[in-house]
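Engineer:
In my numbering, the protein residues as written are 46 to 311.
1. Can you tell me which of 108, 107, 78, 87 puts its alpha carbon nearest to the alpha carbon of residue 98?
2. Does DSSP put residue 54 in a helix, in a strand, or in coil?
3. Less than 8 Å between the CB atoms is what I'm expecting for residue 51 and residue 80, so what's the real figure, rounded?
4. Kindly identify the DSSP beta-bridge partner or partners of residue 193.
5. With DSSP as the reference, label residue 48 as helix, strand or coil.
6. Between residue 147 and residue 229, what straight-line distance do the alpha-carbon atoms span, to the nearest angstrom?
7. By the DSSP assignment, the alpha helix (DSSP H) with residue 312 in it spans what residues?
8. Indicate whether residue 316 and residue 284 have their beta-carbon atoms separated by less than 7 Å.
9. Express the C-alpha separation of residue 163 and residue 232 in angstroms, rounding to a whole number.
10. Under the DSSP definition of a beta bridge, which residues are partnered with residue 90?
11. Per DSSP, what kind of secondary structure is residue 304 in: helix, strand or coil?
12. Would you kindly report the start and end of the unbroken alpha helix (DSSP H) that includes residue 287?
13. Are residue 290 and residue 153 touching if we call contact CB-CB under 7 Å?
14. Within 10 Å of its beta-carbon, does residue 122 have 16 or more other beta-carbons around it, so buried, or fewer, so exposed?
15. For residue 56, I'd like the list of residues in its chain whose CB is within less than 6 Å of its CB, leaving aside the five on either flank, ordered along the chain.
16. Closest to residue 297 by C-alpha separation, out of 47, 126, 108, 309, would be which residue?
17. Using only the alpha-carbon positions, how far apart do residue 238 and residue 227 sit?
18. For residue 58, I'd like the list of residues in its chain whose CB is within less than 6 Å of its CB, leaving aside the five on either flank, ordered along the chain.
19. Is the beta carbon of residue 100 sitting closer than 7 Å to the one on residue 90?
20. Buried or exposed: which applies to residue 85, given that a residue is buried once 16 or more other Cβ atoms fall within 10 Å of its Cβ?
21. Mapping DSSP to helix, strand and coil, what is residue 309?
22. Could you give the DSSP three-state label for residue 144: helix, strand or coil?
23. Suppose the cutoff is 6 Å on Cβ atoms and the five residues either side in sequence are ignored; what does the same chain contact list for residue 169 look like?
24. State buried or exposed for residue 217, treating a residue as buried only when at least 16 other CB atoms are found within 10 Å of its CB.
25. Can you give me the Cβ contacts of residue 130 inside the same chain, cut-off strictly under 8 Å, excluding the 5 residues immediately before and after it?
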């Protein structure tokens, strides 16, 4: 429904020879045209047009120059298909309903993005603590292996005790590697989510006192964002149906035009 402006200008030199022209004749033309169009919500199209053609003719025996102007106004009104702009208005309302539907879901998407960030943050923190605990457990088992090895050298250890402790120590080694891989993977996800440099060192801050769970009011199903979005989408579909029905009938338009032209040889 915006105003649309179309402008064109240019010059032309014509030296072509035809049966209708005089030999060695030359035509120099300057063409300029401007048109302004406007579509209304009532199914009305308005056009304002102006054009000017100036021509200079060079003949073997004489020369002449003339300018022709044309001004016109046209009016077109839909009477059957898109009756009085019914289809256009329905299409506009459909777009508005679709925008509202997407805007309602945008809040859900923002919440999901925040919750995803919190989830990755805590997963990274927990994997970091698990990695530290796995390292501490490996150190304790390493000390235990050294102690049992000394007992074995003195003959105080039970048969097979050293082998059992060594096997458990190898399990702790594998736990450290697994915890390290999990921590590095979660840390990479967190850094990527926060768009930080790869070598960023993140210091986790954990609140020791957990606040109480907030009291949430019972919410009606009709007020859920997904339900509201679907209502808007249904309204948009109804408007599209109205538009399609209006455009499916034959076209019948009322057209009015007024044009005025003039020629000036000077």
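Heads up, the beta-carbon is just placed ideally off N, CA and C, and yes, glycines get one too.
Structural biologist: This is what the structure holds:
1. Residue 98 has its Cα closest to that of 78, out of 108, 107, 78, 87.
2. Look at residue 54 here: in three-state DSSP terms it is strand.
3. That pair is a contact at about 5 Å.
4. Answer is none; residue 193 lacks a bridge partner.
5. In this structure, residue 48 counts as coil in the three-state DSSP scheme.
6. Those two C-alpha atoms are separated by around 36 Å.
7. Here the chain comprises residues numbered 46 to 311, so residue 312 is not present and cannot be evaluated.
8. There is simply no residue 316 to check, as the chain begins at 46 and stops at 311 in what is shown.
9. If you take the alpha carbons of residue 232 and residue 163, they lie about 13 Å apart.
10. Answer is 84, 121.
11. Note: residue 304 maps to strand in three-state DSSP.
12. 270-293 is the span of the alpha helix (DSSP H), which, as asked, contains residue 287.
13. For residue 290 and residue 153, no; Cβs fall outside 7 Å.
14. Classification of residue 122: buried, given that the 10 Å Cβ count is 16 or more.
15. The residues 75, in chain order, have a CB closer than 6 Å to that of residue 56 in the same chain once the five nearest residues on each side in sequence are set aside.
16. By alpha-carbon distance to residue 297, the top candidate from 47, 126, 108, 309 is 126.
17. Those two C-alpha atoms are separated by around 17 Å.
18. For residue 58, where only same-chain residues beyond five positions count, the Cβ hits under 6 Å are 73.
19. No, Cβ-Cβ distance for residue 100 and residue 90 is not below 7 Å.
20. When all chains shown are included, residue 85 counts as exposed.
21. It is a strand residue.
22. Of the three classes helix, strand and coil, the one that applies to residue 144 here is helix, per DSSP.
23. 231, 232, 235.
24. By the 16-neighbour rule on beta-carbons within 10 angstroms, residue 217 is buried.
25. Counting only Cβ-Cβ distances below 8 Å, and skipping sequence neighbours, we find 85, 86, 87, 88, 89, 123.
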